[in-house]
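Notes follow once the structure below has been shown.
Number of protein chains: 2
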Amino acid sequence: MNEDSHHQAEEVRAAREKILAAAARLFAERGYESTSLAEVARAAKVSKALIFWHFDNKQQLYLSALKKNLEPYHIDREELTGLDAPHQIARLIDSFYEFVNDNVYSVRFFMTLMLRGELPSEESAASTGSTSLQRVNELYRAFRQSFAEIITVGQQQAVFNPSLDPEREAALILVTLVGVLAQQFMLGESPDCSKALIDHYKLVLFQRLRCS
Amino acid sequence: MNEDSHHQAEEVRAAREKILAAAARLFAERGYESTSLAEVARAAKVSKALIFWHFDNKQQLYLSALKKNLEPYHIDREELTGLDAPHQIARLIDSFYEFVNDNVYSVRFFMTLMLRGELPSEESAASTGSTSLQRVNELYRAFRQSFAEIITVGQQQAVFNPSLDPEREAALILVTLVGVLAQQFMLGESPDCSKALIDHYKLVLFQRLRCS
DNA sequence: GTCTATATACAGATAGAC
DNA sequence: GTCTATCTGTATATAGAC
Numbered sequence: 203m204n205e206d207s208h209h210q211a212e213e214v215r216a217a218r219e220k221i222l223a224a225a226a227r228l229f230a231e232r233g234y235e236s237t238s239l240a241e242v243a244r245a246a247k248v249s250k251a252l253i254f255w256h257f258d259n260k261q262q263l264y265l266s267a268l269k270k271n272l273e274p275y276h277i278d279r280e281e282l283t284g285l286d287a288p289h290q291i292a293r294l295i296d297s298f299y300e301f302v303n304d305n306v307y308s309v310r311f312f313m314t315l316m317l318r319g320e321l322p323s324e325e326s327a328a329s330t331g332s333t334s335l336q337r338v339n340e341l342y343r344a345f346r347q348s349f350a351e352i353i354t355v356g357q358q359q360a361v362f363n364p365s366l367d368p369e370r371e372a373a374l375i376l377v378t379l380v381g382v383l384a385q386q387f388m389l390g391e392s393p394d395c396s397k398a399l400i401d402h403y404k405l406v407l408f409q410r411l412r413c414s
Numbered sequence: 203m204n205e206d207s208h209h210q211a212e213e214v215r216a217a218r219e220k221i222l223a224a225a226a227r228l229f230a231e232r233g234y235e236s237t238s239l240a241e242v243a244r245a246a247k248v249s250k251a252l253i254f255w256h257f258d259n260k261q262q263l264y265l266s267a268l269k270k271n272l273e274p275y276h277i278d279r280e281e282l283t284g285l286d287a288p289h290q291i292a293r294l295i296d297s298f299y300e301f302v303n304d305n306v307y308s309v310r311f312f313m314t315l316m317l318r319g320e321l322p323s324e325e326s327a328a329s330t331g332s333t334s335l336q337r338v339n340e341l342y343r344a345f346r347q348s349f350a351e352i353i354t355v356g357q358q359q360a361v362f363n364p365s366l367d368p369e370r371e372a373a374l375i376l377v378t379l380v381g382v383l384a385q386q387f388m389l390g391e392s393p394d395c396s397k398a399l400i401d402h403y404k405l406v407l408f409q410r411l412r413c414s
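Keeping their order, the protein sequence lines are chains A and B.
Counting the first sequence from 1 gives a position; our numbering is that position plus 202.
Counting the second sequence from 1 gives a position; our numbering is that position plus 202.
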């Protein structure tokens, strides 16, 4: 690949990426149905027709935008090494909360999506559509599993109450975190308000988990 | 008012109500944008034009449907009388859960609505649109307030730990309930799964609230 | 009040020049 | 690759008969 073709390829990507970025933002903000391709074109500063050159149709653009929104989703287990069980719990709670507030738009987006199965059509589910939601789902369960594992380890190290069921407790932790998040988004509360709730919850949780 | 005019009035209401019922269901199921008046007309078994005779436009129909969905929303404080504080808490949790599962469609509907400020336009917010969401909001706070009051009474009766802040605890209870609900809706879990979580949570909560 | 028929606007998608 | 111009379907909304 020479300089020219490379440069050309970059140019191609630039337009495609501009469309994708605009679409990702607009779909996340306003949803699939109420976002027109004319708006996406305007936001990306390209013509409507160009969208159809880069993407087969609206659905495919939507699915590509979904993937783009999903990119930053992952669990960073590295940052937990070297911490004791209680601090691992605290760290995992914090990183959940931080992640959510770093990705408000797309988190809100996926929440809406999951709330009703808002997918552009049924065929897309068969192809690539539901895969994105599946990934969110997996991530959620991975998070829960992490909590359960930390609790188990904590019990083995005799810092957590051995009579607790780690899976049950992990499920309850996730439910609370999701609740804080949902409340922040739905009641339009400030992140500060959620932060205070989370901090209080951490205290409550540790009182429950620790050996008594 | 004679028999005839009464009967006529009933007939009028029948059509209007049929439209309203169909609209309430369809808007709740599929949202504002992706529900066409043609579908509403078909579901209500009337002509499209009749919708415009009864309602000024799509937005106004939507707002009227919102109100209809809101009707069953209220707190029944009567059913708490005669119970002690712990049972009042348990009863309030149960009635929250029961209410949600009796009104899945509209609860899901309002959750989506609150998640993004999905209102048909901005003018509607100024007129009557946001009032519906405001009412949901008030109801939510009323529920939280009820929990706080019960906790306070429980503390006065020396059945609940006096060192707890009732407001804080009530906030955490609501967050958890919302979390269970959000999880059920978003992860598509069965009501049974939520029921189990709620039951477990009640145990956890009572361990925390009671005098130690 | 309820209908059929129609006006008007805008959506997604295509054709073809450059 | 990117554009302008255009096709086609469908949405909201209206007109007017009954």
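Don't be surprised by glycine CBs; every beta carbon is placed ideally from N, CA and C.
Relative to the alpha-carbon of residue i, which residue among the options has its alpha-carbon at the smallest distance?
{"i": "Pro393 of chain B", "options": "B:Ala217, B:Arg244, B:Phe301, B:Lys247", "result": "B:Phe301"}
{"i": "Met313 of chain A", "options": "A:Gln358, A:Leu239, A:Asn271", "result": "A:Asn271"}
{"i": "Tyr342 of chain A", "options": "A:Phe229, A:Ala372, A:Asn363", "result": "A:Ala372"}
{"i": "Arg227 of chain A", "options": "A:Ala251, A:Val309, A:Ala287, A:Thr283", "result": "A:Val309"}
{"i": "Ala415 of chain B", "options": "B:Lys404, B:Arg412, B:Gln409, B:Ala350", "result": "The displayed coordinates of chain B run from 203 to 414. Any statement about residue 415 of chain B would go beyond what the structure contains."}
{"i": "Asp401 of chain A", "options": "A:Ser348, A:Ala245, A:Ser297", "result": "A:Ser297"}
{"i": "Tyr307 of chain A", "options": "A:Ser414, A:Val377, A:Gln386, A:Leu294", "result": "A:Gln386"}
{"i": "Ala217 of chain A", "options": "A:Ser238, A:Gly233, A:Thr237, A:Val242", "result": "A:Val242"}
{"i": "Leu317 of chain A", "options": "B:Lys220, B:His289, B:Gly381", "result": "B:Gly381"}
{"i": "Tyr299 of chain B", "options": "B:Leu376, B:Ser414, B:Ser348", "result": "B:Leu376"}
{"i": "Ile221 of chain A", "options": "A:Glu391, A:Gln262, A:Pro288", "result": "A:Gln262"}
{"i": "Pro274 of chain A", "options": "A:Ala240, A:Ser238, A:Asn363, A:Asn303", "result": "A:Asn303"}
{"i": "Ser396 of chain A", "options": "B:Glu219, B:Ala384, B:Leu374", "result": "B:Leu374"}
{"i": "Arg412 of chain A", "options": "A:Ser266, A:Ala240, A:His289, A:Phe257", "result": "A:His289"}
{"i": "Val361 of chain B", "options": "B:Ala245, B:Lys250, B:Ala223, B:Ser414", "result": "B:Ser414"}
{"i": "Tyr234 of chain B", "options": "B:Asn339, B:Phe408, B:Leu282, B:Tyr264", "result": "B:Tyr264"}
{"i": "Leu389 of chain A", "options": "B:Thr354, B:Asp367, B:Leu315", "result": "B:Leu315"}
{"i": "Asp367 of chain B", "options": "B:Leu379, B:Leu383, B:Ala350, B:Thr378", "result": "B:Ala350"}
{"i": "Ile352 of chain B", "options": "B:Glu391, B:Asp258, B:Leu282, B:Thr378", "result": "B:Leu282"}
{"i": "Ile277 of chain B", "options": "B:Phe345, B:Glu369, B:Gly356", "result": "B:Phe345"}
Of all the CB atoms in chain B, is at least one closer than 7 Å to the CB of residue i?
{"i": "Ser365 of chain A", "result": "no"}
{"i": "Glu273 of chain A", "result": "no"}
{"i": "Arg412 of chain A", "result": "no"}
{"i": "Thr237 of chain A", "result": "no"}
{"i": "Phe387 of chain A", "result": "yes"}
{"i": "Glu205 of chain A", "result": "The predicted model places Glu205 of chain A with a pLDDT of 43, which falls under 50 and marks its position as unreliable, so this point remains unresolved."}
{"i": "Asp401 of chain A", "result": "no"}
{"i": "Ala211 of chain A", "result": "Residue placement at Ala211 of chain A is flagged as unreliable, the pLDDT there being 45, under the threshold of 50; a coordinate-derived value is accordingly withheld."}
{"i": "Arg370 of chain A", "result": "yes"}
{"i": "Thr333 of chain A", "result": "no"}
{"i": "Ala216 of chain A", "result": "no"}
{"i": "Val380 of chain A", "result": "yes"}
{"i": "Val377 of chain A", "result": "yes"}
{"i": "Phe408 of chain A", "result": "no"}
Could one say the Cβ of residue i lies closer than 7 Å to chain A's Cβ atoms, at least one of them?
{"i": "Ala384 of chain B", "result": "yes"}
{"i": "Glu324 of chain B", "result": "Note that Glu324 of chain B scores 48 on pLDDT, short of 50, meaning its location in the model is unreliable; the coordinates nonetheless yield the value given after this. Closer than 7 Å: no."}
{"i": "Thr314 of chain B", "result": "yes"}
{"i": "Arg227 of chain B", "result": "no"}
{"i": "Arg337 of chain B", "result": "no"}
{"i": "Leu317 of chain B", "result": "yes"}
{"i": "Val306 of chain B", "result": "no"}
Give the DSSP bridge partners of residue i, in chain order.
{"i": "Phe362 of chain A", "result": "A:Arg412"}
What span of residues does the alpha helix (DSSP H) with residue i cover, start to end?
{"i": "Gly381 of chain B", "result": "368–388"}
{"i": "Val309 of chain B", "result": "306–317"}
{"i": "Ser266 of chain B", "result": "260–272"}
{"i": "Val456 of chain A", "result": "The requested residue 456 of chain A does not occur in the structure, where chain A is confined to residues 203 to 414."}
{"i": "Phe254 of chain A", "result": "250–256"}
- For the segment 276–300 of chain B, enumerate the residues whose C-beta is nearer than 8 Å to any C-beta of chain A, in chain order. none
- Query: What residues from the segment 341–365 of chain A come within 8 Å of chain B, judged by C-beta to C-beta, listed N to C?
  - Reply: Tyr342
- Message: To be precise: take each residue of the segment 388–399 of chain A, compare its Cβ to all Cβ atoms of chain B, and keep it if any distance is under 7 Å. Which residues remain?
- Response: Met388, Leu389, Leu399
- Query: At a Cβ cut of 8 Å, what residues of the segment 241–253 of chain B count as close to chain A, listed as they run along the chain?
  - Reply: none
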